[in-house]
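Let me begin by presenting the structure, written as structure tokens, before commenting on it.
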Amino acid sequence: MSSLGSDVTAALGAEVPKRRPAPQFAGFSAKLVTDFFEWFGHLGIFAWKVARAAVTPPFEWREFIRQLDEVGSKSFPLVALAGAAVGIIISLETRYSLTRFGAKSLFPATLVYSVIQVMGPVITGLVVSGRVGAGIGAELASMKVTEQIDAIEASAINPYRLLAATRILACIVMLPLLTIAADACGLLTGWFAQALVEPLSFHQFIESGFHGATFNAFLPPTFKTAVYGLIIGVIACFQGMRTRGGAEGVGRAATNSVVLASLFLILADVVLVKFILVVFP
Amino acid sequence: MNDARDKMATAHDNTMKQREAEADGNAPVVSVESVHKSFGTHKVLNGINLSVNRGETLAVLGRSGTGKSVLLRLIIGLTQPDSGSIRVGGDDLAGLTLDQLGAIRKKMGFLFQHAALYDSLTVAENVAFPLDHHRRDMSKSDKDDLVRRLLAEVGIEDALERMPSDISGGMQKRVGLARALALEPEILLLDEPTAGLDPISSREIDELILKLQRERQMASIVVTHDLFSARSIASHLALLDQGNVVVQGQFEDLQQSDIGFVKEFLKQS
Numbered sequence: 002m003s004s005l006g007s008d009v010t011a012a013l014g015a016e017v018p019k020r021r022p023a024p025q026f027a028g029f030s031a032k033l034v035t036d037f038f039e040w041f042g043h044l045g046i047f048a049w050k051v052a053r054a055a056v057t058p059p060f061e062w063r064e065f066i067r068q069l070d071e072v073g074s075k076s077f078p079l080v081a082l083a084g085a086a087v088g089i090i091i092s093l094e095t096r097y098s099l100t101r102f103g104a105k106s107l108f109p110a111t112l113v114y115s116v117i118q119v120m121g122p123v124i125t126g127l128v129v130s131g132r133v134g135a136g137i138g139a140e141l142a143s144m145k146v147t148e149q150i151d152a153i154e155a156s157a158i159n160p161y162r163l164l165a166a167t168r169i170l171a172c173i174v175m176l177p178l179l180t181i182a183a184d185a186c187g188l189l190t191g192w193f194a195q196a197l198v199e200p201l202s203f204h205q206f207i208e209s210g211f212h213g214a215t216f217n218a219f220l221p222p223t224f225k226t227a228v229y230g231l232i233i234g235v236i237a238c239f240q241g242m243r244t245r246g247g248a249e250g251v252g253r254a255a256t257n258s259v260v261l262a263s264l265f266l267i268l269a270d271v272v273l274v275k276f277i278l279v280v281f282p
Numbered sequence: 620m621n622d623a624r625d626k627m628a629t630a631h632d633n634t635m636k637q638r639e640a641e642a643d644g645n646a647p648v649v650s651v652e653s654v655h656k657s658f659g660t661h662k663v664l665n666g667i668n669l670s671v672n673r674g675e676t677l678a679v680l681g682r683s684g685t686g687k688s689v690l691l692r693l694i695i696g697l698t699q700p701d702s703g704s705i706r707v708g709g710d711d712l713a714g715l716t717l718d719q720l721g722a723i724r725k726k727m728g729f730l731f732q733h734a735a736l737y738d739s740l741t742v743a744e745n746v747a748f749p750l751d752h753h754r755r756d757m758s759k760s761d762k763d764d765l766v767r768r769l770l771a772e773v774g775i776e777d778a779l780e781r782m783p784s785d786i787s788g789g790m791q792k793r794v795g796l797a798r799a800l801a802l803e804p805e806i807l808l809l810d811e812p813t814a815g816l817d818p819i820s821s822r823e824i825d826e827l828i829l830k831l832q833r834e835r836q837m838a839s840i841v842v843t844h845d846l847f848s849a850r851s852i853a854s855h856l857a858l859l860d861q862g863n864v865v866v867q868g869q870f871e872d873l874q875q876s877d878i879g880f881v882k883e884f885l886k887q888s
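These protein sequence lines map, in sequence, to chains Z and C. Numbering follows my numbering, in which position 276 of the first sequence is assigned residue number 277; successive positions increment by one, without gaps. Numbering follows my numbering, in which position 101 of the second sequence is assigned residue number 720; successive positions increment by one, without gaps.
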């Protein structure tokens, strides 16, 4: 029928409407899948090069110590502030809920477990991912587009060892330490917020909060942040060192470093929480 | 299987020939043989052959985008060729790991087109950077003396503590040159050493390169499209067009060439 209609239209000399081109969904999807696997492939090759460079001498101790300072000392104020804020928020929220359900005596333990097992590690990871991830991504990207990384390589220095391995190791070492700092600040401000409303000595708070607690309850959640450090370091260095395209590329590398590191950090947390529950019951 | 064996045998023969020639003292320090390089569908180098001996300076000329800088990146191993062979001091760069390449790169100094100075380090720290990593046995005072001497050699000894962003383009090139000379290389690769500089600074850089060549007897490859500069510093020239060496030889050989592109290039330069 429609064919007949078209024939008639053509016969009448009227313009036959052109068929709309089929959407290129198939091609687009195929490219998306290819890019996805290509990205992981390049990430794997990058991680292998860094791992090999990290375990073969000469070791870049001076740069490593400088990075410990960059990642650790310089992130400390922000992490401490974030931890302190989390402590106050948890204190206010849980106090209200526990009072409502008549379980006010559980307040210290709830605060301690919430801060140390859940919020402290995640908040530290996300804060460091934002500050350090963006910093490393932008710094290395800027070095890449201005040929400084090529200049390092041309000077017979392995950039994977000097730039990537040192930063990644610094993130791995400093994340658990920063988490301990965030936890301490969170507990302190959480207790302080509670003490303002209802008298409670710090000694009493700690004793009640850690009553019956074992190392297994607190050490794995704290030290799992070393994995967060690995993720932040690897993603930020990878994004930075593969940058192309001038200032826009630098901006994109910084953004992608933070977004991807935060995303993978949260996904890793899901796996790590289950892993810790199974291995350290 | 036989093909692979033949290739290995040929590579071994070439290495042996190179070693024998080296023993005779007339081997090319850098040789580029049938090198092809493409980026995607864009063919940049199309089987080019070049060689430089000790004490010689080769100027590679050509229009923008003809692969001159790519050629230098291939020689120092920052980019890999699609096919062909690149030998530096008799060693084939193909298939080397980053650390093996590092040993060869120590023999080379590279001046990048935009100097590529480390922007978070001072001028002195930039020049000391290769020394800090490869001359760990050197005392700090010896390193400081060497850095001062290198900066004096390139004429900017008073800029020691300044940051790269605080100095002019010409001074940045001089710092880049001092950094390239820090490990006393046998081969110097210069990517557009006078690009973006005023005529006076360009001639100063040319004179500096000539002085260094006289004093250090290095093999140099200079990529440029400044014909005046190339003529004054190079012992021979190669003109690139569409990924091929169109003409190679003395400046007079270029002048006598009947090739249209060569005539046009000389006329416009």
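We put the beta carbon where it would ideally sit given N, CA and C, even for glycine. Because the structure is a prediction, the values reported are computed rather than measured.
*asked:* Counting C-beta neighbours from all protein chains within 10 Å, is the total for C:LYS886 16 or more, i.e. buried, or is it exposed?
replied: exposed
*Could you check the C-alpha separation between Z:ILE46 and Z:ASN159 for me, to the nearest Å?*
Distance between the alpha carbons of Z:ILE46 and Z:ASN159 is about 15 Å.
_Give me the residue from C:ASP738, C:PRO804, C:LEU859, C:ASP764 with the minimum Cα distance to C:ALA678._
C:LEU859
*In whole angstroms, what separates the C-alpha of C:SER784 from that of Z:ARG253?*
24 Å
*Any idea which residues DSSP pairs C:THR685 with across the strands?*
None, per the DSSP bridge assignment.
_So, does the stretch 698–710 of chain C touch the stretch 848–866 of chain C, judging by three or more C-beta pairs under 8 Å?_
Using a C-beta cut-off of 8 Å, the stretch 698–710 of chain C makes no contact with the stretch 848–866 of chain C, since fewer than three inter-stretch Cβ pairs fall below that distance.
*Would a C-beta distance cut-off of 7 Å place C:LEU730 and C:GLY795 closer than the cut-off?*
yes
*asked:* Any beta carbon of chain C sitting closer than 7 Å to that of Z:ASP36?
replied: no
*For C:VAL651, which residues does DSSP report across the bridge?*
Bridge partners of C:VAL651: C:LEU669, C:ILE705.
*asked:* Strictly under 7 Å for the Cβ-Cβ distance: is C:ILE819 near chain Z by that measure?
replied: no
_C:PHE870 versus C:VAL881: straight-line alpha-carbon distance, rounded_ = 11 Å
*asked:* Contact criterion: CB-CB distance below 7 Å. Does Z:ALA152 meet it with respect to chain C?
replied: yes
_Where the alpha helix (DSSP H) through Z:HIS287 begins and ends_ = For chain Z, the structure presents residues 2 to 282; residue 287 of chain Z sits outside this window and is missing.
*Determine the DSSP secondary structure at Z:GLN25, reduced to helix, strand or coil.*
Coil.
*Between the stretch 86–99 of chain Z and the stretch 33–48 of chain Z, do at least 3 Cβ pairs fall closer than 8 Å?*
no
*What residues from the stretch 131–157 of chain Z come within 7 Å of chain C, judged by C-beta to C-beta, listed N to C?*
Result list: THR147, GLU148, GLN149, ASP151, ALA152, GLU154, ALA155, SER156, ALA157.
*If you run the structure through DSSP and keep just helix, strand and coil, what is C:ASP710?*
Strand at C:ASP710.
*Are the beta-carbon atoms belonging to C:GLU585 and C:THR843 less than 7 Å from one another?*
Residue coverage of chain C in this structure runs from 620 to 888, which leaves residue 585 of chain C outside it and unanswerable.
_Would the stretch 99–113 of chain Z count as touching the stretch 121–139 of chain Z if we require 3 or more Cβ pairs under 8 Å?_
no
*CA nearest to the CA of Z:PHE77, picked from Z:ALA165, Z:ALA196, Z:LEU179, Z:ALA194*: Z:LEU179
*With 7 Å as the C-beta to C-beta threshold (strictly closer), list the residues of the stretch 752–764 of chain C near chain Z in chain order.*
HIS752, HIS753
*What's the C-alpha gap between Z:GLU1 and C:VAL742?*
Because chain Z is modelled from 2 through 282, residue 1 of chain Z falls outside the range shown and cannot be assessed.
*If you draw a straight line from the alpha carbon of C:GLN719 to that of C:ILE786, how long is it in whole angstroms?*
35 Å
*asked:* Using the three-state DSSP reduction, which class does Z:THR111 fall into: helix, strand or coil?
replied: helix
*How many Å lie between Z:ALA194 and Z:SER92 at the Cα?*
7 Å
_Within chain Z, partners of C:ILE840 - CB distance below 9 Å_ = Within chain Z, no residue comes near C:ILE840; the closest Cβ sits about 14 Å away, beyond 9 Å.
*How long is the line joining the alpha carbons of C:GLU652 and C:PHE658, rounded to whole angstroms?*
19 Å
*Would a check of beta-carbon distances place Z:ASN159 closer than 7 Å to chain C?*
yes
*Under a CB-based cut-off of 7 Å, is C:MET620 close to chain Z?*
Caution is warranted here: a pLDDT of 45 is assigned to C:MET620, below 50, making its placement in the model unreliable, and no coordinate value can be reported.
*Given that a residue counts as buried once 16 or more other Cβ atoms are within 10 Å of its Cβ, and exposed if not, what is C:LEU680?*
Burial of C:LEU680 is indicated by the presence of at least 16 other C-beta atoms within 10 angstroms of its C-beta.
*Please work out which residues of its chain come closer than 7 Å, Cβ to Cβ, to Z:LYS50, disregarding the five sequence neighbours upstream and downstream, and give them in chain order.*
TYR161
*Which residues, in chain order, does the stretch 698–716 of chain C contribute to contact with chain Z at a C-beta distance below 7 Å?*
Listed in sequence order: no entries.
*C:GLY721 versus chain Z: which residues are under 8 Å apart at the beta carbon?*
ALA157, ILE158, ASN159
*asked:* Counting only C-beta atoms, is C:LYS725 closer than 7 Å to chain Z at any point?
replied: True, the Cβ-Cβ gap to chain Z drops below 7 Å.
_Cβ closer than 8 Å: which chain Z residues qualify as neighbours of C:HIS733?_
THR147, GLU148
*asked:* Under 7 Å, Cβ to Cβ, is there at least one residue of chain Z near C:ILE806?
replied: no
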